[in-house]
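Residue numbers (the UniProt record's numbering): 1 to 615.
Below you can see the structure in the form of structure tokens.
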């Protein structure tokens, strides 16, 4: 995987701007520690930081190819899983290839089919292609948003980058956050409105969107969306088709010229990927699958079951590892390390994040990277198959708001008096919610309850899932580890979207149809284990550490967070250990110490990035 950045400017000779483009690219060196290159032409400059996964010699970027007297140059971050299928089509159309990289296949796909090449791609990607003759830039992002792409258009130029830090490194970009940015941070954080870059005038190209930029400006359009229609298959046919799709997806995503490993939590999603990978390894004679799990020091001593986290992962991980004879490594993070990585997690995300849920993942990815360069992870299954509580509990599902965010009033109260007058968080968040509800693909045959569940599913895919993918990309790339997400394959997402809820929840179990499709593959104990999310620490030492961190912020009159946060309200949260209502601040896990850690991250972000508050 890689980091990409670029600068298109009609006012400058970009051949004199190599140093500035290189400066932007160097901020992405964690995404691509193996190679760093800059390419410039009259009005364009590309920077590329490369993590070598396929074709070390033939995949060097930025890559240029000339076809019919037109020269095209690509800067690409991603992985195509149907590279060889597309290559065969292109060979029959008269193209030739100098290597076996997916970069060259993607570039020649665009040369042959233009923007319609996007319909053929199966993979995760964010890329930019410059057409030298037309002086036009084409950018696109994968359908579900696994790979990021930020941009800004201003003063006759366009800047883009895989991460916000690449844009902020440019001499003309200041880290300004205005009223809308504060509303994003305080109203929606740690998620973001689709397409929003938080910093003033910086946007993110939304998943499933493309952008064309030339002297007439930027034009953005959507190239893919879910389509609602009747589901054509019986329960048995549906389970069989899901199994068939999953087998194909995993086999495709295991391909690499470097070692590959599996994230394993002992839940049904990661266990299924591990089992399917073991079958592929056996068929191809690749030896034992490498699997990795994470836990926290003394969690066995302090673990407390609740509705969100009903049981610990350890015994289930061992059962899966033993069943498939994986070469397993369990990484246990210390409480000191967990707290120490909080600030590093902000540096790789460029924004306040999910506290120790981020920092533990960053540390875990660094541990995995010691062995492998590519990992497969189970994100997205809960969003597409309906695994979260808000799919099942009417009192949550029918609330006219994001179901994972029931803390809007408390968030508004956290603003100081000055900003309470400037920003109505409840209105801002509700408007963003309604925009997505309006966008939901409808089906006339749905009952009122089915229509609502479809809205919840769409909200999850567009918001919650994107946030988790965002987190997984930044934390893994912060460790120079490429992570692939099999459940985000668009063929699977399209198919599952229209499966009736009664079938999705077969047998009254969350993700029932997925479990049915895996019968005979996974042990029954795993197959019917109750869902448990990404683990968090229950150690009192961590609570003490973050309470101390918050107290240090409270003791400083010049802490930048108090530009918009009510100091006494934050003190109340610190003293009580969380929101007075007891509900998570976000999702299922951000409560208590995780919430305090989020505000530690926010204060550090403001300082580290020199954020200027405008409003």
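C-beta atoms are modelled at their ideal positions from N, C-alpha and C, and glycine is treated no differently.
Query raised in the report: How would you label residue 67, buried or exposed, when you count the other beta carbons within 10 angstroms and need 16 or more for buried?
Result: exposed
Query - Residue interval of the alpha helix (DSSP H) (run including residue 136) - result: Residue 136 -> not in any alpha helix (DSSP H); beta strand (DSSP E) instead, spanning 136 to 141.
Query raised in the report: Since residue 523 and residue 323 are thought to touch, with beta carbons under 8 Å apart, how far apart are those beta carbons, to the nearest angstrom?
Result: 6 Å
Report task. Tell me whether the beta-carbon of residue 565 lies closer than 8 Å to the beta-carbon of residue 600. Result -> no
Requested in this report: Within its chain, find whatever has a CB closer than 6 Å to the CB of residue 37; leave out the 5 residues flanking it on each side and keep chain order.
Outcome: 48
Report task. Measure the alpha-carbon distance for residue 306 versus residue 386 and round it to whole angstroms. Result -> Because the pLDDT of residue 306 is 48, which lies under 50, any placement of that residue in the model is unreliable, and the number read from its coordinates should be weighed accordingly. The alpha-carbon atoms of residue 306 and residue 386 are separated by roughly 20 Å.
Requested in this report: Please report how far the alpha carbon of residue 556 lies from the alpha carbon of residue 410, in whole angstroms.
Outcome: 23 Å
Query - Boundaries (first-last residue) of the alpha helix (DSSP H) holding residue 358 - result: 356 to 369
Requested in this report: Have a look at 421, 406, 451 and 439 and flag the residue whose alpha-carbon is nearest the alpha-carbon of residue 429.
Outcome: 406
Query raised in the report: Does residue 460 get closer than 8 Å to chain C when you measure Cβ to Cβ?
Result: The structure shown contains no chain C; it holds only a single protein chain.
Query raised in the report: In whole angstroms, what is the alpha-carbon distance linking residue 497 and residue 519?
Result: 21 Å
Requested in this report: Measuring alpha carbon to alpha carbon, tell me which of 91, 166, 88 and 528 ends up nearest residue 609.
Outcome: 166
Report task. Please go through the stretch 5 to 53 and give each complete beta strand (DSSP E) segment of 3 or more residues, from N-terminal end onward. Result -> 35 to 40 and 44 to 50
**Report entry** Cβ distance (whole Å) where residue 160 is taken to contact residue 6 below 8 Å
**Finding:** 5 Å
Query - CA-to-CA distance, residue 102 to residue 617, given in whole angstroms - result: Residue coverage of the chain in this structure runs from 1 to 615, which leaves residue 617 outside it and unanswerable.
Query raised in the report: What are the residues that DSSP puts in a beta bridge with residue 130?
Result: 73 and 137
Requested in this report: Please work out which residues of its chain come closer than 6 Å, Cβ to Cβ, to residue 82, disregarding the five sequence neighbours upstream and downstream, and give them in chain order.
Outcome: 122
Query raised in the report: Grouping DSSP H, G and I as helix and E and B as strand, with all else coil, what is residue 447?
Result: coil
Query - Length of the line joining the Cα atoms of residue 486 and residue 275 - result: 13 Å
Report task. Tell me whether residue 57 sits in a helix, a strand or coil according to DSSP, three-state version. Result -> coil
Report task. Look up residue 570 in the DSSP assignment and say whether it is helix, strand or coil. Result -> helix
Requested in this report: Starting from residue 471, trace the alpha helix (DSSP H) both ways and give me its first and last residue.
Outcome: 465 to 477
Query raised in the report: Counting Cβ pairs, one atom from each stretch, are 3 or more of them under 8 Å apart for the stretch 186 to 200 and the stretch 350 to 361?
Result: yes
Report task. Kindly provide the ranges of any beta strand (DSSP E) runs that are 3 or more residues long and lie completely inside the stretch 134 to 219, ordered along the chain. Result -> 136 to 141, 150 to 154, 157 to 161 and 209 to 214
Report task. Go to residue 330, then tell me how far its beta strand (DSSP E) extends in each direction, as first and last residue. Result -> 327 to 333
Query raised in the report: Can you tell me whether residue 470 is buried or exposed, with buried defined as 16 or more other CB within 10 angstroms of its CB?
Result: buried
Requested in this report: Answer yes or no: do residue 164 and residue 213 have a C-beta to C-beta separation smaller than 8 Å?
Outcome: no
Report task. Can you tell me which of the three DSSP states residue 308 falls into? Result -> With a pLDDT of only 47 at residue 308, under the threshold of 50, the placement of this residue in the model should not be trusted; the figure read from the coordinates follows. Three-state result, residue 308: coil.
Query raised in the report: Just reading off the beta strand (DSSP E) that residue 250 is part of, what are its end residues?
Result: It is not in any beta strand (DSSP E) - residue 250 instead sits in the alpha helix (DSSP H) that spans 235 to 253.
Report task. Out of 27, 183, 467 and 337, state which residue places its alpha-carbon closest to the alpha-carbon of residue 379. Result -> 467
Report task. Quick one: give me the first and last residue of the beta strand (DSSP E) that residue 261 is part of. Result -> 260 to 263
Query raised in the report: What are the residues that DSSP puts in a beta bridge with residue 66?
Result: 71
Query raised in the report: Going by beta carbon distance, what residues of the same chain come within less than 6 Å of residue 605, once the five residues before and after it are set aside?
Result: 346 and 352
Requested in this report: Quick one: give me the first and last residue of the alpha helix (DSSP H) that residue 429 is part of.
Outcome: 425 to 439
Query - Bridge partners - residue 590, DSSP secondary structure assignment - result: 586
Query raised in the report: With distances taken between CB atoms, is the gap from residue 616 to residue 462 smaller than 8 Å?
Result: Here the chain comprises residues numbered 1 to 615, so residue 616 is not present and cannot be evaluated.
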